[in-house]
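Heads up: the protein sequence lines correspond to chains A and B, in order.
The opening position of the first sequence corresponds to residue 783 in the numbering used here, with each subsequent residue numbered one higher.
The opening position of the second sequence corresponds to residue 783 in the numbering used here, with each subsequent residue numbered one higher.
Glycine residues also receive a C-beta, built at the ideal position from the N, C-alpha and C atoms.
What follows is one structure encoded as structure tokens, with my remarks underneath.
There are 2 protein chains.
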Amino acid sequence: MDEFDVIVRLMRPLVTSAEALGLADDAALLSARPGHQLAVTKDMLQADVHFRANDPAEAIAQKALRVNLSDLAAMGAEPYGYFLALGLPDGVSEGWLQSFCQGLAADQQAYGIALMGGDTTRTTGPLSLSITALGWVPEGQALTRRGARVGDHLYVSGTLGDGALGLRDLASPAHARYLRPEPRLKLGVALRGVASAAMDISDGLVQDAGHFATASDVRLVIEAERVPLSDAVRHAIVQERFSLADALTGGDDYELLFTAPANTCLPANELITCIGRVEAGEGVQVVDATGAAMVLARAGYRHHF
Amino acid sequence: MDEFDVIVRLMRPLVTSAEALGLADDAALLSARPGHQLAVTKDMLQADVHFRANDPAEAIAQKALRVNLSDLAAMGAEPYGYFLALGLPDGVSEGWLQSFCQGLAADQQAYGIALMGGDTTRTTGPLSLSITALGWVPEGQALTRRGARVGDHLYVSGTLGDGALGLRDLASPAHARYLRPEPRLKLGVALRGVASAAMDISDGLVQDAGHFATASDVRLVIEAERVPLSDAVRHAIVQERFSLADALTGGDDYELLFTAPANTCLPANELITCIGRVEAGEGVQVVDATGAAMVLARAGYRHHF
């Protein structure tokens, strides 16, 4: 198999839009959508760092796509298309690549997007991939991390900790959440004009909330006992295989964290939980049920070199 | 050093446009340029495959950027901005990263572009990077590979073979061309409305001409003795350290290959050489000075897995 086999036989069927020029040109050509801005995000995922090299190929493809779609959700953007760069180790099989592309095809259907371009190369290291995802957002309506105001409430979607538990425990129901996070795209769109600020949680609630607080120049207070947990995470905590602190600081959640004024009418179509408030000051304070500050050994996941 | 040090101290100074939201958000937000389309290209480069791991850090950064800018040049697009995904091996030094970012900063100045977003991660393998470059092209004026017509002349910019010689021979003046290709951006813009089709040559003239012929559904005839060669390449051929076939099939040229009708007035501001013609049929025929077909052992570079 060479790169042109991969492009022609496996990648080209993923092209469903004219912008890609059939993957036969040097670049894709996108026309503007009147009255909209284009949200662009780019993530890189490395085997043995962001996923296990022996995770199912479909899941690796879908996770790479979905972590980017989660960024679009956080901006309130509707997904439009994506570019894929794939660094393939020697000896990768055609079957593996077929499964990888089946994973992409399924998510293209699910999220209404198409492959628009990219690059297929060899690497002497482990599998390495990068996706650039594009989405449209009506002019001036994008959500950013900057608008949280003192007095706003702090909300989170879904449940937290499942990604971290699922990484550790392949037998847990949470493992499916680790493999295939669910980007909160509908919620992101519904929060336009509602949320004062938003971001997605990828590296742990507390650490990401710190970036959020800095961007908005406020302090975020998180009431730990209000943080929503799945049955799988509750069960693991009871069994002492996992802790509340793990749920507050573990990565791979891909839920939305957002703020809204206290009297706002929130969209009813998604699981949303109020987990705290915005105060004057800086940084993040996590408090327990008594209101006392909790001390956490670490705030979240970060790459060290 | 962790990823946030790298982002705040080294990457953020490369942001000079509002679209990036200071690298502090989940995605960049781009407004449309009226009357223009957005050309988007994404390449991936792996250490030990696309460059030597011990090439100068500035040159690695610039090559990664320039191979993408070369794709924009081939579309007739003006560069606008780029996204960088960086997979850093353990133990990468801050000095190396500073040099890498200095290389980017110098090219940002040279090409009038800015960093708009991206991702910094760890890898357990060698250095891995991906750039997504964006450029503007007036609506309907993009150059593609599809418009070559029977009777058109076939042209190439610059000289060929320097990248391949420079990879092999670090002492050759061609080594600088291997390290830092020169994207033909001004020529690309000048060819709008002039060239009938265009592409950039990255994997070897003959192989890339094959893709070009397929896209335009024509045959390309290349007259080998008309292919422009630098003094360094001529010298290496005389010394039998390199061959004309190497120049016709070696990668890393990043020159433009384009076609134009025979009576077209070509832009005078760049080195352009007519190297052949477009005929009815398919594929590529390389002919020698007598008009006899040349047989080449290989057509160009392709990744095998």
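Three-state secondary structure assigned by DSSP to B/Met-1076:
coil
To the nearest angstrom, how far is it from the Cα of A/Leu-792 to the Cα of B/Ala-1006?
34 Å
Using beta carbons (cut-off 8 Å, strictly below), is A/Ser-954 in contact with chain B?
no
Sheet register partners of B/Leu-868 (DSSP bridge)
Looking at the DSSP output, B/Leu-868 sits in a beta bridge with B/Thr-902 and B/Leu-911.
Tell me the rounded alpha-carbon separation between A/Asp-990 and A/Met-783.
42 Å
Name the DSSP bridge partner or partners of A/Asp-982?
A/Leu-1038
Going by the CB atoms, is the gap between B/Val-1060 and B/Thr-1041 shorter than 8 Å?
yes
Inspect the beta-carbon positions of A/Gly-1063 and A/Arg-1001 and report whether they are closer than 8 Å.
yes
When the cut-off is 8 Å and only beta carbons count, does B/Ala-825 lie next to chain A?
A small fix is needed here, since residue 825 of chain B is Asp in this sequence, not Ala. Taking Cβ atoms only, chain A reaches closer than 8 Å to B/Asp-825, which makes this a yes.
Note the first and the last residue of the continuous alpha helix (DSSP H) segment covering A/Arg-1059.
Unbroken run through A/Arg-1059 is the beta strand (DSSP E), 1054-1061; no alpha helix (DSSP H).
Thinking C-beta only, is B/Ala-856 closer than 8 Å to B/Ser-954?
no
Could you tell me which chain A residues have their CB closer than 7 Å to the CB of B/Ala-924, listed as they occur along the chain?
Leu-811
Could you have a look at A/Phe-994 and say whether DSSP puts it in helix, strand or coil?
helix
9 Å Cβ cut-off: residues of chain A touching B/Met-783:
His-1086 and Phe-1087
Using the beta-carbon count (16 or more within 10 Å), is A/Ala-979 buried or exposed?
buried
Check each candidate in B/Ala-800, B/Gly-945 and B/Ala-972 and name the one with the smallest Cα separation from B/Glu-964.
Measuring from the Cα of B/Glu-964, the nearest candidate turns out to be B/Gly-945.
Using a Cβ-Cβ cutoff of less than 8 Å, which residues in the same chain neighbour B/Ala-1075 once the five nearest sequence positions on both sides are dropped?
Gln-1067, Val-1068 and Val-1069
Of the choices A/Asp-808, A/Ala-810, A/Leu-870 and A/Asp-901, whose alpha-carbon is the least far from that of A/Ile-1098?
The requested residue 1098 of chain A does not occur in the structure, where chain A is confined to residues 783 to 1087.
Just curious, the beta strand (DSSP E) that A/Ser-881 is in, first and last residue?
Counting along the chain, A/Ser-881 falls outside any beta strand (DSSP E), though it belongs to the alpha helix (DSSP H) covering 876-893.
Alpha carbon to alpha carbon, what distance is there between B/Ser-984 and B/Leu-1038?
Whole-angstrom Cα-Cα distance: 9 Å.
Of the listed residues B/Glu-785, B/Gln-819, B/Ala-1027 and B/Arg-962, nearest to B/Phe-833 (C-alpha basis):
B/Arg-962
Range covered by the beta strand (DSSP E) that runs through A/Val-822
818-828
Length of the line joining the Cα atoms of A/Arg-1016 and A/Leu-942:
11 Å
Of the listed residues A/Gly-899, A/Val-822, A/Arg-848 and A/Pro-838, nearest to A/Ser-799 (C-alpha basis)
A/Gly-899
Alpha carbon to alpha carbon, what distance is there between B/Gly-873 and B/Ala-867?
Computed Cα separation, rounded: 18 Å.
Tell me which residues share the same chain as B/Gly-1058 and place their Cβ nearer than 6 Å to its Cβ, disregarding the 5 neighbours each side in the sequence.
Leu-936, Val-1003, Ile-1004 and Glu-1005
What number of angstroms, rounded off, separates the C-alpha of B/Arg-1023 from the C-alpha of B/Ala-892?
34 Å
With 8 Å set as the bound, which would you pick, yes or no: does the beta-carbon of A/Phe-865 sit closer than that to a beta-carbon of chain B?
yes
Any beta strand (DSSP E) of 3 or more consecutive residues that is wholly inside the stretch 1002-1050 of chain B
1037-1042
Under 8 Å by Cβ, that's how I've got A/Thr-1046 and A/Val-988 pegged, so tell me the actual separation to the nearest angstrom.
Actually they are not in contact, since the Cβ atoms of A/Thr-1046 and A/Val-988 sit about 24 Å apart, beyond 8 Å.
Using a Cβ-Cβ cutoff of 9 Å, what residues of the stretch 819-846 of chain B are near chain A? List them in chain order.
Within the stretch 819-846 of chain B, the residues whose Cβ lies closer than 9 Å to some Cβ of chain A are Gln-819, Leu-820, Ala-821, Val-822, Thr-823, Lys-824, Asp-825, Met-826, Leu-827, Gln-828, Ala-829, Asp-830, Val-831 and His-832, listed in chain order.
Supposed close pair B/Leu-812, A/Gln-819 - CB separation, criterion 8 Å:
Between A/Gln-819 and B/Leu-812 the Cβ distance is about 6 Å, and since that is below 8 Å, they are a contact.
What residues in the stretch 787-811 of chain B bring their beta carbon closer than 7 Å to a beta carbon of chain A?
Leu-803, Ala-806, Asp-807, Asp-808, Ala-809, Ala-810 and Leu-811
From the DSSP output, which residues share a beta bridge with A/Ser-939?
In the DSSP assignment, A/Ser-939 forms a beta bridge with A/Ile-1054.
Distance, Cα to Cα, B/Glu-860 vs A/Lys-824?
21 Å
Can you round the beta-carbon distance between A/Pro-920 and A/Asp-830 to whole angstroms, since I take them to be within the 8 Å contact cut?
The pair is not a contact, with the Cβ atoms about 40 Å apart (cut-off 8 Å).
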